[in-house]
Amino acid sequence: MTLILTRIEIDAPPAVVRAKFLDFENLLNYSPDGFIKSIGPKVEGEALIEGTKMRCVLKGATMEPVCLENSPSAFSWRGALPLGLFTGDHGFRFSPGVSGPETTIFIHEEQFSGLLAFMIGDNWFARSVGLRRKTEAGFKGFNVDLKSVCEQWKQEGV
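This note's numbering applies: residue 296 is where the sequence shown begins, and numbers increase by one.
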């Protein structure tokens, strides 16, 4: 198993960060160059609850993961390639920040497993391909974009 975990502190309460994150229709407004292009249920209008089939468009790939959790503190899904070749549990967590209850520690992570998980690990081959570095950079870029839109909300009082 291989884990990529990024975190950022956002100057907005967890409920605000979660609400901005879940506003998937505005994703491209605040993260137009990010690696996540769209997130939503596969069937339009269906609630994103545990077990719901989703449709996620990422830079260079479209996938249909299954929602694992949609709670006040976390949102996650599991995507997989057939035959157990590659599975990723992609998650986002919203926790009170260390600077006080009006701040959020936003964690963006993915746990990879399966026969091809080594390709995103910390071995020679993975480093030469650069997939781990690119994935981590994508996570961090998304985090910065979300931080920006959340802190803009706080400044505007919207």
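Cβ coordinates follow ideal geometry from the N, Cα and C atoms, glycine included.
The criterion of a C-beta distance shorter than 9 angstroms is not satisfied by G379 and V361. Beta-bridge annotation (DSSP): A375 is paired with T382. Non-local beta-carbon contacts of D328 in its own chain, meaning distances under 8 angstroms to residues more than five positions away in sequence, involve G436 in chain order.
Separation of Q406 and L363 (C-alpha to C-alpha, rounded to the nearest whole angstrom) is 13 angstroms. A314 and P391 have their C-alpha atoms roughly 15 angstroms apart. Measuring C-alpha to C-alpha distances from P309 to each of P367, R422, R373, I331 identifies P367 as the nearest. Under the 10 Å beta carbon count, D318 is surrounded by fewer than 16 other beta carbons and is classified as exposed.
When DSSP states are grouped into helix, strand and coil, E405 belongs to the strand group. Within the same chain, Cβ atoms closer than 8 angstroms to the Cβ of A369 are found at G386, F387, R388, F389, the five residues on either side in sequence being excluded. With a contact defined as Cβ atoms closer than 8 angstroms, K348 and K337 qualify at about 4 angstroms.
The DSSP-derived three-state label of P360 is coil. By a beta-carbon distance limit of 8 angstroms, R427 contacts D417. Their separation comes to about 7 angstroms.
DSSP, reduced to helix, strand and coil, places S443 within a helical segment of the structure shown. The Cβ atoms of T399 and C445 lie closer than 9 angstroms to each other. Linking I331 to E320 through their CA atoms gives a straight-line distance of about 12 angstroms.
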